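Offset between the sequence shown (1-based) and the working numbering: plus 24.
The structure under discussion appears below in the form of structure tokens.
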Amino acid sequence: MDNMAGEARRLREAGIKGIKLHPMMNKFYPDDPKMFPLYEELGEDMVLEIHSGRFNHTKPGETIYSPPNRIMNMIRQFPKMKVIALHLGGFYMLDEAERELIGKSNVLIDTTWPPALKELGSDTLTNIVNKHGADKVCFGTDFPLADMALDSQFIESLAIPDAAKELMLGENFRELVGL
Numbered sequence: 025m026d027n028m029a030g031e032a033r034r035l036r037e038a039g040i041k042g043i044k045l046h047p048m049m050n051k052f053y054p055d056d057p058k059m060f061p062l063y064e065e066l067g068e069d070m071v072l073e074i075h076s077g078r079f080n081h082t083k084p085g086e087t088i089y090s091p092p093n094r095i096m097n098m099i100r101q102f103p104k105m106k107v108i109a110l111h112l113g114g115f116y117m118l119d120e121a122e123r124e125l126i127g128k129s130n131v132l133i134d135t136t137w138p139p140a141l142k143e144l145g146s147d148t149l150t151n152i153v154n155k156h157g158a159d160k161v162c163f164g165t166d167f168p169l170a171d172m173a174l175d176s177q178f179i180e181s182l183a184i185p186d187a188a189k190e191l192m193l194g195e196n197f198r199e200l201v202g203l
């Protein structure tokens, strides 16, 4: 993780719109000051997608590097940075995500929920979307083994306005990256 800021600059110059970080895989805290030069380089024009929450197999006592409160600490330090907290803001930590991230104006979340979004249940997802605002929810593609067609059909089946579904299924992300 040497020269992260320089790598972000190189990516921007190559036309890349954002990056993804996985604190659980790379064993770092998102609010660690060693990450700040990267966040400064991302600025207001590049998107940071970041794993939020734990793994489904995290055992009691194991380190959780990216709990929602540490994601929020990072966002407080860099309030203009475009952040998408993956997994609805907290994989297997939705209560904490609701306390820390859901409903905050400068936080976007995505709908990735392995193995499939329907595992969450329509009531839970609808409640999260209603509390957070459909304009701050992006369709999740962070788990390559998920059936994206089924996940998008699940969103289409929610009892929310069609306009909200359109935002979630692509418009929010297109606007975020300027497409």
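Virtual Cβ for every residue (Gly too), placed ideally from N, Cα, C.
If you're wondering where the values come from, they're calculated on a predicted model, not measured in any experiment.
Which residues in the same chain have their Cβ closer than 8 Å to the Cβ of residue i, if we skip the five residues on either side of it in sequence?
{"i": "Ile43", "result": "Ala32, Leu35, Leu66, Met70, Val71, Leu72, Glu73"}
{"i": "Gln101", "result": "Asp55, Phe60, Tyr63"}
{"i": "Lys189", "result": "Ala158, Ile179, Glu180, Leu182"}
{"i": "Tyr116", "result": "Gly77, Arg78, Phe79, Asn80, Thr82"}
{"i": "Leu191", "result": "Ala158, Asp159, Val161"}
{"i": "Met49", "result": "His75"}
{"i": "Pro92", "result": "Ser76, Gly77, Ala109, Gly113, Gly114, Met117, Glu120, Ala121, Arg123, Glu124, Leu125"}
{"i": "Pro139", "result": "Phe167, Leu169, Ala170"}
{"i": "Leu144", "result": "Leu112, Trp137"}
Roughly how many angstroms separate the alpha carbons of residue i and residue j, rounded to a whole number?
{"i": "Gly157", "j": "Gly127", "result": "7 Å"}
{"i": "Tyr53", "j": "Asp147", "result": "31 Å"}
{"i": "Trp137", "j": "Lys41", "result": "23 Å"}
{"i": "Met28", "j": "Arg94", "result": "20 Å"}
{"i": "Leu118", "j": "Gly202", "result": "29 Å"}
{"i": "Gly39", "j": "Leu200", "result": "15 Å"}
{"i": "Val153", "j": "Glu68", "result": "24 Å"}
{"i": "Asn151", "j": "Ser176", "result": "17 Å"}
{"i": "Leu45", "j": "Leu149", "result": "24 Å"}
{"i": "Ile184", "j": "Pro103", "result": "29 Å"}
{"i": "Ser129", "j": "Gly85", "result": "32 Å"}
Would you please state the rounded distance, in angstroms, between the beta carbons of residue i and residue j? I believe it to be under 8 Å.
{"i": "Pro47", "j": "Ser90", "result": "4 Å"}
{"i": "Thr135", "j": "Leu112", "result": "7 Å"}
{"i": "Val131", "j": "Lys160", "result": "7 Å"}
{"i": "Phe163", "j": "Leu193", "result": "5 Å"}
Would you identify the three-state DSSP class for residue i, choosing helix, strand or coil?
{"i": "Ser76", "result": "coil"}
{"i": "Lys106", "result": "strand"}
{"i": "Ser90", "result": "strand"}
{"i": "Phe178", "result": "helix"}
{"i": "Phe115", "result": "strand"}
Looking at the secondary structure, which residues open and close the alpha helix (DSSP H) in which residue i lies?
{"i": "Ala247", "result": "The structure shown does not extend to residue 247, since the chain spans only 25 to 203, so no value can be given for it."}
{"i": "Gly145", "result": "No alpha helix (DSSP H) holds Gly145; DSSP gives it neither H nor E."}
{"i": "Val201", "result": "196-201"}
{"i": "Asp186", "result": "186-190"}
{"i": "Pro61", "result": "60-66"}
{"i": "Ala32", "result": "28-37"}
Grab me the residues of residue i's own chain with a C-beta within less than 6 Å of its C-beta, minus the 5 sequence neighbours each way, in chain order.
{"i": "Asn97", "result": "Asp55"}
{"i": "Lys142", "result": "Phe178"}
{"i": "Phe197", "result": "Cys162"}
Quick check on the DSSP output: the beta strand (DSSP E) that includes residue i runs from which residue to which?
{"i": "Lys44", "result": "42-45"}
{"i": "Leu132", "result": "132-134"}
Near residue i, what residues of its chain come up, given a Cβ to Cβ distance below 7 Å and the 5 sequence neighbours on each side ignored?
{"i": "Met172", "result": "Thr165"}
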